[in-house]
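In terms of the working numbering, the sequence shown has 181 at position 99, counting the first letter as 1, and numbering is strictly consecutive.
One structure is given below, encoded as structure tokens.
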Amino acid sequence: MTTDVERLVMPLQPVYKDEHGTLRFKENAIVRYLLDNGGIDMNRLAVLNFNQADREQFASLIGYSLGGFDELSYVSDEASMTAKGMANGETECEARNAALREQLEGIRKGLKEAVPHAFRIHPDDLEA
């Protein structure tokens, strides 16, 4: 069972362009130090039981590139879209809201196509 804490959205690190022109998250120096010197590596972390939000946040804390972040299997569409918005100068809140609005619009579009078939009504009858 998923707890309320596991449902929380974790913040992402700010996004910047590095010296090679790659967009990436600003790494947290303490987290990077612990990863490099703490006796545990990414492969070991990958098999441990962490929730999706923690994994997404960890990837941002260690300075993942946005391209690499987007390819991680545990990164949600919301987090990916949020990071892209942040790369375009939006605050995390603005970017996350835009990502959620886009997802909601996709749901609305899907429902607008499915509901008339499910309830045997004409699509124009949905307009109110």
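We put the beta carbon where it would ideally sit given N, CA and C, even for glycine.
Given the structure is predicted, the values throughout are model-derived calculations rather than measurements.
For Met124, count the other beta carbons within 10 Å of its own beta carbon; 16 or more makes it buried, fewer makes it exposed. Which is it?
It is exposed - the Cβ of Met124 has fewer than 16 other Cβ atoms within 10 Å.
Within the chosen definition, does the stretch 104-124 reach the stretch 182-197 through at least 3 CB pairs nearer than 8 Å?
Result no; under three Cβ-Cβ pairs closer than 8 Å.
In angstroms, rounded to a whole number, what distance separates the CA positions of Tyr98 and Leu130?
Going by the C-alpha atoms only, they are around 29 Å apart.
On the DSSP letters alone, give me the boundaries of the beta strand (DSSP E) that Leu193 sits inside.
Here Leu193 belongs to no beta strand (DSSP E); instead the alpha helix (DSSP H) covers Glu174 to Phe201.
Give me, in chain order, the residues of the same chain whose beta-carbon lies closer than 7 Å to that of Ser147; leave out the 5 immediate sequence neighbours on both sides.
Same-chain partners within the cutoff: Thr104, Leu105 and Arg106.
Using DSSP with H/G/I as helix, E/B as strand and the rest coil, what is Arg98?
Before going on, a small fix: residue 98 reads as Tyr here, not Arg. Three-state result, Tyr98: strand.
Based on the DSSP output, what are the partners of Arg106 in its beta bridges?
Paired residue(s): Tyr98 and Ser147.
Leu90: buried (16+ other C-beta within 10 angstroms of its C-beta) or exposed?
So Leu90 counts as exposed.
Could you give the residue range of the alpha helix (DSSP H) that holds Ser162?
Element bounds for Ser162: Asp159 to Ala169.
In the DSSP assignment, find the alpha helix (DSSP H) that holds Met92 and state where it starts and stops.
Taken as a continuous stretch (DSSP letters only), Met92 belongs to no alpha helix (DSSP H), as it is neither H nor E.
To which residues of the same chain is Thr164 closer than 7 Å at the C-beta, ignoring the five residues directly before and after it?
If we look at Thr164 and ignore the five residues flanking it on each side, its Cβ neighbours are Leu94, Glu174, Ala177, Arg178 and Ala181.
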